[in-house]
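A short worksheet on the structure shown next.
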Amino acid sequence: MKQYQSYKCNACGNVVEVQNVGGGTLSCCGNDMEMVTDNLTLVNLMKAFAGESQARNKYEYFAKVAQKEGYRDIAEHFQRAANNEKVHAKLELALNNRMINGNDESFANTIENLKLAIAGESYENVTMYPDFAAVAKEEGHKEAEILFKGIGKIEVEHENMFQMLLDRLEAEAEFTSDDENEAWICEVCGHV
44 MKQYQSYKCN ACGNVVEVQN VGGGTLSCCG NDMEMVTDNL TLVNLMKAFA GESQARNKYE
104 YFAKVAQKEG YRDIAEHFQR AANNEKVHAK LELALNNRMI NGNDESFANT IENLKLAIAG
164 ESYENVTMYP DFAAVAKEEG HKEAEILFKG IGKIEVEHEN MFQMLLDRLE AEAEFTSDDE
224 NEAWICEVCG HV
């Protein structure tokens, strides 16, 4: 039995997650909603990935606070836990990708990763942050509205950056230059 199920309104696109509703139905916009959860394990893997990612960031912030307050040992423990959470998140994301792709290619390749990054940044700057800002404005949370709008603008720059990198890679221009005077320096040994 599935503990949680996701339902989607085919009229407005609203998606809700609920505990198993038994024999009842959910409705939105005057229509029955469609159950869209095919694989709860994939949903749980992405929830776990999100949770581990958030924990990692929190623990890194906590480590900096402890370090600043002079608690070096506590800071090291927070940092160690943050590093562990990063590994957990990578394992969960890799398994999610393997289950979706049906093979062992857990992180595709750079071109596909750039395309995923572009899509993610586009969603954030076109839909997510504008929606979050609108809700914050409606609820009277001016500081949150300003934060969401500001971050949304930065996400546009991230999308543009990833698009430029993808364009350069697809044009096979990653390791080329038209500048005859440009020096290429090895990042490992410094050889010019």
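To convert, take the position in the sequence shown, counting from 1, and add 43; that gives this note's numbering.
Every residue gets a Cβ at the ideal spot worked out from N, C-alpha and C, and that includes glycine.
DSSP has residue i in a bridge; who is on the other side?
i	result
Asn74	Cys71
Glu51	A small fix is needed here, since residue 51 is Lys in this sequence, not Glu. Val58, Glu77, per the DSSP bridge assignment.
Spatial neighbours of residue i within its chain, please: C-beta separation below 6 Å, excluding the five flanking residues on both sides.
i	result
Lys90	none
By alpha-carbon positions, which one of the options ends up nearest to residue i?
i	options	result
Glu119	Glu128, Asn74, Met204, Lys107	Lys107
Glu128	Thr80, Gly94, Phe205, Asn57	Gly94
Ala137	Asp116, Arg115, Leu85	Leu85
Ala162	Phe205, Tyr172, Asn139	Phe205
Pro173	Gly183, Ala160, Gly193	Gly193
Asn82	Leu134, Lys111, Met142, Leu69	Met142
Glu135	Leu88, Ser165, Ala214, Cys229	Leu88
Glu164	Val235, Arg211, Asp221, Glu202	Glu202
Assuming contact is defined by CB atoms lying nearer than 8 Å, are residue i and residue j in contact in what I supplied?
i	j	result
Ala124	Tyr102	yes
Leu187	Ala179	One detail in the question is off: residue 187 reads as Ala in this sequence, not Leu. In contact: Ala187 and Ala179 (Cβ atoms closer than 8 Å).
Please work out which residues of its chain come closer than 7 Å, Cβ to Cβ, to residue i, disregarding the five sequence neighbours upstream and downstream, and give them in chain order.
i	result
Cys55	Cys71, Cys72
Ala96	Before going further, note that residue 96 is Ser rather than Ala in the sequence given. Hits under 7 Å: Ala132.
Give me, in chain order, the residues of the same chain whose beta-carbon lies closer than 8 Å to that of residue i; leave out the 5 immediate sequence neighbours on both sides.
i	result
Lys196	Asn168
Phe121	Tyr102, Glu103, Phe105, Ala106, Ala109
Phe158	One detail in the question is off: residue 158 reads as Lys in this sequence, not Phe. Excluding sequence neighbours, Lys158 sits near Leu209.
Leu212	Thr153, Ile154, Leu157
By the DSSP assignment, the alpha helix (DSSP H) with residue i in it spans what residues?
i	result
Ser220	No alpha helix (DSSP H) contains Ser220, which DSSP labels as neither H nor E.
His120	115–144
Gly195	185–213
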